[in-house]
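Final position of the sequence shown in the UniProt record's numbering is 152; the numbers increase by one with none missing. Ideal placement from N, C-alpha and C gives every residue a C-beta, glycine not left out. One structure is given below, encoded as structure tokens.
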Amino acid sequence: MEALRLEELNATNVVAANSLTLKPGQEQFVAPVSNSIAEAYVNQNTAWPRVVYSEGELVGFIMANFDEDSTREEFKAIILRMNVAAEAQGRGVGRFAVEQIAAEGRARGSEFLYAMWEPGEDGPDAFFRHLGFEVIEDNEFGEAVGRLALRD
Numbered sequence: 001m002e003a004l005r006l007e008e009l010n011a012t013n014v015v016a017a018n019s020l021t022l023k024p025g026q027e028q029f030v031a032p033v034s035n036s037i038a039e040a041y042v043n044q045n046t047a048w049p050r051v052v053y054s055e056g057e058l059v060g061f062i063m064a065n066f067d068e069d070s071t072r073e074e075f076k077a078i079i080l081r082m083n084v085a086a087e088a089q090g091r092g093v094g095r096f097a098v099e100q101i102a103a104e105g106r107a108r109g110s111e112f113l114y115a116m117w118e119p120g121e122d123g124p125d126a127f128f129r130h131l132g133f134e135v136i137e138d139n140e141f142g143e144a145v146g147r148l149a150l151r152d
């Protein structure tokens, strides 16, 4: 497996993160990185934006949210965005990103990690299920809400 590393989103990598390109058809399932950057700026206390590097090249962007005071259980520890460059998909980048978010959730005392995604043929449903997320409901926007246990 290639060497992957996680870094905070910052002024030196934000342009590369914003330039990630997905496979054709995947754009409809995820908001642009620029939206996530704005959300992270507004929600600095709870947003957790990170980038993934492989062999020195930025290949992924993820944003989680950790808000123990949220009134909605799923927003206490949730993956909000995940973009993996088209050429890096299938190489363990997404799995690595989810594992890093799960580790952060465990360190913060979270019992579950949630993710929300839009259903669809080219969407991330199979990916999240393969990693152990169980769909527990569809939210008010028609998105699947998946949950991964972080504790035994």
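Beta bridge counterpart(s) of residue i as assigned by DSSP
i: R108; result: R108 is not bridged to any residue.
i: S54; result: L4, E57
i: residue 160; result: Limits of the chain in this structure are 1 at one end and 152 at the other, which puts residue 160 out of reach.
Close beta carbons around residue i, own chain, < 6 Å, minus the five adjacent residues each side
i: V135; result: A144, G146
i: V93; result: V52, V59, G60, V84
i: I78; result: N65, Y114
Residue closest to residue i, alpha-carbon to alpha-carbon, out of the options
i: F75; options: A64, F127, G132, P119; result: A64
i: L131; options: A149, N43, G25, N18; result: A149
i: N43; options: P124, S70, K23; result: S70
i: N45; options: N139, P119, D67; result: D67
i: N139; options: F128, P119, P24; result: P119
i: G90; options: A126, G56, F112, G105; result: A126
i: L4; options: Q26, N18, A88, L80; result: A88
Chain-order list of residues whose beta-carbon lies under 7 Å from that of residue i (same chain, five-residue window excluded)
i: A85; result: L20, T21, V59, G60
i: M1; result: Bear in mind that a pLDDT of 49 at M1, under 50, signals an unreliable position, so the model cannot answer this.
Same chain, Cβ closer than 8 Å to residue i, five either side skipped, listed in chain order
i: N10; result: none
Review point. Touch check for the stretch 43–59 and the stretch 95–110: three-plus C-beta pairs under 8 Å?
Key: Between the stretch 43–59 and the stretch 95–110, the count of Cβ pairs shorter than 8 Å is three or higher; the stretches touch.
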